[in-house]
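Residues in the sequence shown are numbered from 105 upward in steps of one, following our numbering. First comes the structure, then the notes that go with it.
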Amino acid sequence: MARHWYFRLALIVLLLLASKPVSAAEAASSEAPITVESLKAYEHQVEQLVARALPCTVCVRSRNGAGSGSGVVVSDKGLVLTAAHVVQAAGRDLVVVFPDGREVGARPLGANRNRDAAMIQLEGEGTYAYVELGASDALATNQWCVALGHAGGFDPRRTPPVRLGRVLVNATFVMTDSALISGDSGGPLFDLDGRLIGIHSNIGVSLSQNNHVPIDAFTQDWDRLLQGDTWGRLPGAAPDPNRPVVGFQLGPRESETGATITSVLPGSPAEKAGIRPGDVLLQVDGRDVPGPAAVVEQLQQKKVGDAVALKLQRGDEILEISANLVRALDLNAQPPKPDAPPKTDRESDQPKPDAAAEPPQDSKAQSPAKSDDGKLDLEELMRRARQDKGRVKLTREQFEQLQKLLAERGSMFGTDAPVTEAIVEWGRRVFASYAPVVAPVRPSILPVLVENRQVALATAVSNDGRLITKASEIDGKSFQVDLGNGKFVDGKLVTKFDDYDLAVVRVEGAELVAVNLEPALAPPRLGMFVAAASHQAQPEAIGVVSVLARNMDASQQGYLGVMLDSADDGVRLIEVQPQTPAAAAGLENDDVILSVNGQKHSTPAAFAKAISEFSPGDTVSLKLRRGDHEFDKQVALADRAALPTMPGGLGMLNQMGGSLSKRRAGFKLALQHDCPIDPEDCGAPLVDLDGRILGINIARSGRVDSLAIPADVVRELLKSVPPAGAGS
C-alpha cells in the first residue's frame, strides 16, 4: 500500500473562510527544526502541566443530575471557569466534582453567552489548587496545546483524559485539533507552559474542528463576570426583543478592517444617521471591528438610549457617525434579508463550519479526485472530505499537487493561504520527525487481509512465523498476511485471548523480524508522547497517553441502574432507571442509600466505585431510608451490557471523527491514548519516543480515544502459547 498523507480537508475550507491573519513572526515559528530531542522537551512540558492541572479539572453538574460538563479552578478561593451552556443546562444549584470524587457545592456567577463564557464559585471552605491564566491574543498557528476535560462525563475509574493538539485558528473562537466530545464542554485548554488559554465550547464534524472560548474573552470582562452579570444569548436561542440595536445587519468580514453592512432597517437610528447598505463598519466606540459577532457583543454591553460612535468607510470616504440605540422590539419590523451576493470562487459550494456531514463513504474505494485535465480537483476533495467526516487520504503525489494548488490560489485567499500551507507543511514535518521513533518496529508489522481487504495489522512476535493481531477481525474467516513485494501467504489461527481481543497467528515459510517486547525504559505516564506504528516509514498517528491502563470490561462490573446525588448521611436516588436491578428491587426516587454491605459512601462517585468492584450476579445488601422509615434490601447486580440500551448523543458524537472498531470495549486491561488510528490499523505497536513498545493497539474506541493492550500483558499472554511444533 502506498503511503498516504492524512489531514482534514474540511479544515482547509474553515481556514480560508474564518482564519485570523498570521504574522510573519508567527509563520516563522513553524520553521524551527523538529527532532526527537525537541519532542522529548515538549513531552516533559506536557507531563509537568498535566500533573499540575489534572487536580484542578472538575466536572460541573446539577444536583438533580441534569446537565454535565467540565470546568477548571482558577483561584485558591474556588473560582471556576466553564462554558455558559454548561451552566445554563445545569441550573443554579450546582455541584462540582473533583477527579478524586470529592464534591463541593457551587453557585453561578456571571456569563457572557455571546462567547459561551461563564464563572461559578465553589461554596466549600478552605483553599483550592488552581491553574494560571494565560493570554490568547498572540496564539500562533501550529502552537502546541493540551486539552483536559471529563470526556463522556465524570468517570470515577479514570482521570480526565489528556489530549495533545495545536492551534489552527485564533479568532472569535480558538480552533484546535485537540479532539473534544460531550462532557468536555467547559474544560481547560493549556499552552505548554501550563497557562490557561481557552475553555472548550463546541465541535464540528472533523477531528480538526474543536472550538474553545479564548481566555481573553474572560479576562476582558472579568469584573463584570465576577459581579454576576449575565448577557448575550447562546447560538440557537431566541433573540432578546429588549436588546439595544442600531438597525443594520452585517455580512461576513471581508477584510482585515471591518464588516460590510448588508441592509438597513427602515426608520431605524442607522437609517436616520445616513448609514447605507455597502458601507463598511470599521469601528464601534473607537474599537476595531473584527467581525459581526464582536459588534453584537459590544452593543449588548450598552443600554437602550446610549449613544454609539460609528466609524465607516464608503468608497474612499471615511465617515464618523453617532446614533442612539433603541430596543429591537420598538423597531416593530424584521430586517430585510440582504440580496444574495454572487458567489465568489472563495465561497462557492464550500462547506460551512459545523455543517452536517453527508453520508460517509469509504474514501479508500474512491478513485483519485482528478479533474478533466488529469490534475487534482480540490473541490472534489472537499466534497469527499465532507462525505468522510472531514477526512481523506492523499498519496504523496496528490499531496504535492495540493501544495501547488494552494500556492496558485494564494492571490485569491490573500493572507489566509500561508496559514493553510503552514498547517499542512508543519504536520508533514512533525510526522517525518517520528520516522526514527517507529523505525525499530516497522519491519515487524504486516497487513492482514480478508477477501483482499485490509482488516488489521499484525506484529511479528517470533522469527519463525508467529504474529499477534486483532482477533475479532479474523475470527472464523480465511485471511492472508501481506509479506510485501506482492507476496501474500495464508495465515492460521494459533490461539485467541478473548479478554483482550488478541490472536496469535502463524504463517508458513516466512522469515519474520520479531519485535522486542521487553519493558520500556519507563512505564507509561500521563502526557507521554506516543506514536501508532504501521508498516510504513512514518507512524499512522501521533498523540499522548490520555489515561493510564485500567479495567474496561464492564461485563466484569456490577450494575445497579440509578442516578445519584449527595445526601447528609448517604446518597440520594434522583432517578431509578427502568429494567434495571434497582427498579426490580423496588427502589424509588428520593430513597437514600445509607450503606452497602455495611459500608457508608457519602458521595455518588464513591458509591459508584464501590458498586463497580462487585461482579454481575453478586448480591449486595443496601440499607435505605424512605421518608422516616429505614429498611434493608438485597439486590442482585446485573451486567450492564446485557440490559436494554438507552439512546443518547454520545454515540453519534463518537462517529464524528472517523470509523470506529467493531469491538472497542470489554477489554480486561487497556491503556487509553489520543492517536486517531483507523480500525484497520489495529494490531500494531504503540511506541514511546525511544521506540520502546508500550502496547499493541487494539481499538479505535471513540472520537477522542484509542486503546492499546499494555506490553507487559502481551508478554504474559505469549508465555502461555505452546512453542512452534507443539500442535500450533
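Heads up, the beta-carbon is just placed ideally off N, CA and C, and yes, glycines get one too.
Look up H148 in the DSSP assignment and say whether it is helix, strand or coil. helix
Please report the straight-line C-alpha distance between S763 and E784, rounded to a whole angstrom. 10 Å
So, for V190: in the same chain, excluding its five sequence neighbours on each side, which residues have a beta-carbon less than 6 Å away from its beta-carbon? Hits under 6 Å: V164, G173, S289, G290.
Alpha carbon to alpha carbon, how far is D520 from N693? Here the model assigns D520 a pLDDT of 40, short of 50, so the residue's position is not dependable, and the following value carries that caveat. When rounded, the distance between both Cα atoms is 56 Å.
Which residue's Cα is closest to the Cα of P310: D297, A671, S282, T599? The sequence shown places Ser at residue 310, not Pro. Residue S282 holds the alpha-carbon nearest to the alpha-carbon of S310 among D297, A671, S282, T599.
For F535, which residues in the same chain have their Cβ closer than 6 Å to its Cβ, ignoring the five residues on either side in sequence? Closer than 6 Å at Cβ, skipping near neighbours: Q642.
For E612 and D602, what's the separation of their Cα atoms in angstroms? 24 Å
Does the distance from the C-beta atom of G787 to that of V552 stay below 8 Å? yes
Taking C-alpha atoms, which residue in E644, A812, A377, L652 lies nearest to N428? For N428, the nearest C-alpha among the options comes from A377.
Give the secondary structure of L726 by DSSP, where H, G and I count as helix, E and B as strand, and everything else as coil. Secondary structure of L726 (DSSP, three-state): strand.
Inside the segment 516–599 only - alpha helix (DSSP H) runs reaching at least 4 residues: 520–537, 539–542
Same chain only: Cβ atoms within 8 Å of A614, ignoring 5 sequence neighbours per side: G569, V585, L587, V593
Determine, using beta carbons only, whether L185 and V208 come nearer to each other than 8 Å. No, they are not a contact pair.
Between the segment 240–250 and the segment 294–303, are three or more C-beta pairs nearer than 8 Å? yes
Sort out for me which residues DSSP pairs H254 with in a bridge. According to DSSP, H254 bridges with nothing at all.
Note the first and the last residue of the continuous beta strand (DSSP E) segment covering T323. Counting along the chain, T323 falls outside any beta strand (DSSP E), though it belongs to the alpha helix (DSSP H) covering 319–323.
Taking G287 as the reference, which of P628, S305, V273 has the closest Cα? Closest by C-alpha distance to G287, out of P628, S305, V273, is S305.
Between which two residues does the alpha helix (DSSP H) harbouring S426 extend? Element bounds for S426: not the alpha helix (DSSP H) but the beta strand (DSSP E), 421–428.
For the alpha helix (DSSP H) containing H189, name the first residue and the last one. 188–194
So for R819, helix, strand or coil by DSSP? R819 falls in the helix class under three-state DSSP.
Comparing C-alpha positions only, which one of D816, L385, S312 sits nearest to I425? L385
Return the CA-CA distance between I678 and G731, expressed in angstroms with no decimal places. 14 Å
Flag this pair as touching only if the segment 790–806 and the segment 631–639 have three or more C-beta atom pairs under 8 Å; answer yes or no. yes
What's the C-alpha gap between L416 and D434? 25 Å
To the nearest angstrom, report how far apart L616 and S166 are at their CA atoms. 57 Å
For S763, the residue or residues it bridges with in DSSP: DSSP lists no partner for S763.
Verify whether the separation of the beta carbon atoms of N274 and E401 is less than 8 Å. no
Three-state class that DSSP yields for R418 in the structure shown: strand
Expressed to the nearest angstrom, what Euclidean distance is found between the alpha-carbon atoms of G256 and D410? 45 Å
Taking only runs of the alpha helix (DSSP H) that begin and end inside the segment 646–711, which ones reach a length of at least 4 residues, in chain order? 685–688
What's the C-alpha gap between E229 and D180? 11 Å
Taking C-alpha atoms, which residue in Q404, L272, R267 lies nearest to D325? Q404
Own chain, CB closer than 8 Å to D736, minus 5 neighbours either side, in chain order: S725, L726, K727, L728
Based on DSSP bridge pairs, tell me the residues matched to K737. L726
Distance, S824 Cα to L708 Cα: According to the sequence displayed, residue 708 carries Pro and not Leu. Approximately 40 Å between the Cα atoms of the pair.
Spatial neighbours of T139 within its chain, please: C-beta separation below 7 Å, excluding the five flanking residues on both sides. Within the same chain, and ignoring the five residues on either side of T139 in sequence, the residues whose Cβ sits closer than 7 Å to its Cβ are S537.
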